[in-house]
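For reference, the structure discussed in these notes is given below.
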Amino acid sequence: WLWYDKKPYRIKLDEKASLLGMPADKEWALLANYADRTLMRNIVALKISEICGFKWTPRLRSVEVYMNNEYQGVYTLCEHKKVSSDRVDIDVAEETDAPQDGGYYLEIEENQDETTCWWTGMGVPMMFSEPEVPTPDQLEYVKKFFADFEASLYSDDLADPIKGYAGYIDVDSFINYYIIQEITKNIDGNLRKSSFITKEAGGKLEMYHVWDFDLTLGNCGYFDGSVGNGPEGFWIKDFTSGCWRGENWFNRMMKDPAFTAKLKTRWNELLPELATVTEFIDDQALILDKAQERNFKKWNIAVSVDWVNFPSRGSYEKEVDYLRNFYRKRLEWLDKEINRL
Numbered sequence: 086w087l088w089y090d091k092k093p094y095r096i097k098l099d100e101k102a103s104l105l106g107m108p109a110d111k112e113w114a115l116l117a118n119y120a121d122r123t124l125m126r127n128i129v130a131l132k133i134s135e136i137c138g139f140k141w142t143p144r145l146r147s148v149e150v151y152m153n154n155e156y157q158g159v160y161t162l163c164e165h166k167k168v169s170s171d172r173v174d175i176d177v178a179e180e181t182d183a184p185q186d187g188g189y190y191l192e193i194e195e196n197q198d199e200t201t202c203w204w205t206g207m208g209v210p211m212m213f214s215e216p217e218v219p220t221p222d223q224l225e226y227v228k229k230f231f232a233d234f235e236a237s238l239y240s241d242d243l244a245d246p247i248k249g250y251a252g253y254i255d256v257d258s259f260i261n262y263y264i265i266q267e268i269t270k271n272i273d274g275n276l277r278k279s280s281f282i283t284k285e286a287g288g289k290l291e292m293y294h295v296w297d298f299d300l301t302l303g304n305c306g307y308f309d310g311s312v313g314n315g316p317e318g319f320w321i322k323d324f325t326s327g328c329w330r331g332e333n334w335f336n337r338m339m340k341d342p343a344f345t346a347k348l349k350t351r352w353n354e355l356l357p358e359l360a361t362v363t364e365f366i367d368d369q370a371l372i373l374d375k376a377q378e379r380n381f382k383k384w385n386i387a388v389s390v391d392w393v394n395f396p397s398r399g400s401y402e403k404e405v406d407y408l409r410n411f412y413r414k415r416l417e418w419l420d421k422e423i424n425r426l
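Everything in the sequence shown is counted per the working numbering, starting at 86 for the first residue and increasing by one.
Below, the structure written as structure tokens:
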């Protein structure tokens with residue numbers, strides 16, 4: 086998003102500080118939400134993350150930013166993703182550790198912009214966040230763990246709780262990840278970008294937290310034509326990280342009746358609270374009511390937002406109505422389709 090006029094920022098304070106009641110830290114993010122005319126899709130998605138019960142949901146607040154006494158608009162002040170006791174709470178592998186004796190914080194990201202990157206056999210782009218530079222043995226250990234996990238997805242033992250995929254992943258966290266990415270119909274959420282996996286010493290792969298939802302919930306104009314940008318249609322289930330229709334991790338897991346049964350159970354547990362998100366959207370719109378006017382006087386994006394190619398609906402109220410209705414219809418469609426898997 087660095088080519089947009091309204092820039093996101095990463096903040097590093099000289100000393101740890103608690104901002105707006107959030108746990109003290111030096112590192113924070115200011116999310117610009119430039120491509121999102123509601124200014125709230127990241128906030129809504131992280132509310133869903135709380136409902137789903139991820140190990141960590143970044144805390145955030147809507148703020149108005151001034152820089153050198155010049156108004157910069159509405160931003161989302163957010164805890165930056167990092168390993169710490171209040172955020173991604175794992176013990177990261179040290180250089181002296183044997184490969185299996187340390188923890189790893191990994192990112193799915195097709196831009197491959199960290200120091201140590203690779204692609205899995207099923208075409209999922211992986212990077213090391215921590216340690217940024219693993220030892221050769223640590224790198225090979227993690228790569229082999231992923232290779233063995235993917236091999237299990239294609240093996241005759243697919244559904245075996247020990248020899249199959251469940252022996253390699255925290256299934257509950259993968260189900261929570263599937264639910265939030267499918268509800269939001271995240272163009273980047275099909276194992277392509279901005280997804281975070283941990284592996285602690287002696288443990289399994291866990292979807293630890295989520296991030297980056299401005300191009301979600303009907304706010305993206307470049308989906309594959311066979312699924313489209315509307316509230317209907319599976320995306321995460323049926324499209325690979327390369328965005329073509331085919332088998333991916335979740336598609337293969339759904340070949341296991343135990344996985345689909347567990348997914349249905351979790352979906353139906355969460356559904357009553359997920360249904361309250363429409364009210365949360367209305368609450369956020371009230372919070373942003375006056376601030377959004379000032380933001381759009383500063384940043385006029387009424388016509389289009391570059392390559393996102395999604396037209397304006399003419400007013401902030403109509404943008405919020407569209408978001409609320411998209412979410413409601415998406416929930417209704419998924420409720421029917423997940424329960425008939």
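Think of the CB as a built atom: it goes at the ideal place given N, C-alpha and C, for glycine as much as any other residue.
What are the boundary residues of the alpha helix (DSSP H) that residue i is part of?
i, result
"Q223", "221-238"
"Q266", "256-269"
"W334", "334-338"
Report buried or exposed for residue i, applying the criterion of at least 16 other Cβ atoms within 10 angstroms of its Cβ.
i, result
"S389", "In this prediction, S389 has a pLDDT of 49, which is less than 50 and means its spatial position is unreliable; what the coordinates show is noted afterwards. Exposed."
"T200", "exposed"
"M211", "buried"
"N307", "Sequence check: residue 307 is Tyr here, not Asn. Exposed is the call here."
"I247", "exposed"
"E404", "buried"
"E161", "Going by the sequence as given, residue 161 is Thr instead of Glu. So T161 counts as buried."
"A178", "buried"
"N261", "buried"
"L371", "exposed"
"T283", "buried"
"V173", "buried"
"R409", "buried"
"D186", "exposed"
"K229", "exposed"
"P184", "buried"
"K278", "buried"
"K166", "buried"
"A117", "buried"
"I423", "buried"
"N196", "exposed"
"R351", "buried"
"M374", "It is Asp, not Met, that sits at residue 374 in the sequence shown. Classification for D374: exposed."
"S280", "buried"
"P221", "exposed"
"G331", "exposed"
"K421", "exposed"
"S258", "buried"
Can you name the start and end residues of the beta strand (DSSP E) that residue i belongs to?
i, result
"M292", "290-295"
"R95", "94-102"
"P210", "210-215"
"T283", "280-284"
"Y190", "189-193"
"L116", "110-116"
"W320", "Per DSSP, W320 belongs to no beta strand (DSSP E) and is neither H nor E."
"C202", "202-204"
Just to check my reading of the structure: residue i and residue j have Cβ atoms closer than 8 Å, yes? What is that Cβ distance to the nearest angstrom?
i, j, result
"R435", "Y407", "The shown model of the chain, from 86 to 426, leaves out residue 435, and the question about it has no answer."
"L426", "W334", "About 16 Å separates the two Cβ atoms, so there is no contact after all."
"Y190", "S214", "5 Å"
"S134", "T142", "4 Å"
"L355", "I136", "6 Å"
"K349", "Y156", "Not really, about 48 Å apart at Cβ, beyond 8 Å."
"L276", "V209", "5 Å"
"E164", "W203", "Their Cβ separation, rounded to whole angstroms, is 28 Å, which puts E164 and W203 out of contact at 8 Å."
When the cut-off is 7 Å and only beta carbons count, does residue i lie next to chain D?
i, result
"D257", "In summary, chain D is missing from the structure at hand, where a single protein chain is found."
Open item on the list: Closer than 8 Å is the cut-off here; do at least three beta carbon pairs connect the segment 126-137 with the segment 289-305?
Closed with: yes
Task: Whole alpha helix (DSSP H) elements within the segment 353-411, 4-residue minimum - done: 362-383
- [ ] For the segment 88-108 and the segment 266-279, state whether three or more C-beta atom pairs, one from each stretch, are separated by less than 8 Å.
- [x] no
- [ ] Decide yes or no for the touch test of the segment 412-426 against the segment 360-369: beta carbon pairs closer than 8 Å, at least 3 of them.
- [x] yes
TODO: Return the chain-ordered ranges of every beta strand (DSSP E) run that is complete within the segment 132-175 and spans a minimum of 3 residues.
DONE: 145-152, 155-164
Open item on the list: For the pair the segment 326-335 and the segment 140-159, tell me if three or more CB-CB distances fall below 8 Å.
Closed with: no
Open item on the list: Counting beta carbon pairs with one atom in the segment 312-321 and one in the segment 285-295, are three or more of them shorter than 8 Å?
Closed with: no
Open item on the list: Would the segment 232-245 count as touching the segment 331-341 if we require 3 or more Cβ pairs under 8 Å?
Closed with: yes
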